[in-house]
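Reviewing the structure listed below.
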Amino acid sequence: MPRFSLFGHLEPVEPSEAEAGRLAACYTDKHPDAKHWLPGNKIHASEWMRFVVSGVYWVGGFGDRAYIGWIPVAEWKSVTADDWQSIRLPGEKPGWDENEWSSETAGEL
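Printed below as a string of structure tokens:
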């Protein structure tokens, strides 16, 4: 299964009040249980951060059959959602989604 590691650093994001609301809505849309840990919570200290990618190491499979090595950061940053959503692994059928691979929907093994 292809995979990659991202290398980089975190830098603080200091959004306006309106931007902070949009960040919180976007983040909790994907991570609803994280609403208690958002910046501004009086019990938990947190802040918005941005991960700045400085390196991408790709492991595409076995070295004699697939690329393993560094990917230029400019190429990584130019990838669009359409690019990665259109990729299929060998043998993968169009239309497969995470629900078909979920343990909740897999049933009895």
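Plus 1 on top of the position in the sequence shown (first one is 1) and you've got our numbering.
Just so it is clear, CB atoms sit at the ideal spot from N, CA and C, and this is done for glycine as well.
Values in this document were obtained by computation on a predicted structure and should not be read as measured data.
Work out the CA separation of residue j and residue i for me, nearest whole Å.
i, j, result
"Glu76", "Ser87", "17 angstroms"
"Pro40", "Lys78", "27 angstroms"
"Val60", "Pro3", "6 angstroms"
"Tyr28", "Arg89", "27 angstroms"
"Asp1", "Glu20", "Given a span of 2 to 110 for the chain in the structure shown, any question on residue 1 remains unanswerable."
"Ala46", "Asp83", "36 angstroms"
So, using beta-carbon positions, are residue i and residue j closer together than 8 angstroms?
i, j, result
"Gly9", "Gly56", "yes"
"Val53", "Glu93", "no"
Does DSSP put residue i in a helix, a strand or coil?
i, result
"Ser6", "strand"
"Gly92", "coil"
I think residue i touches residue j, with their Cβ atoms under 8 angstroms apart; what is that distance to the nearest whole Å?
i, j, result
"Arg51", "Val14", "5 angstroms"
"Pro16", "Trp49", "6 angstroms"
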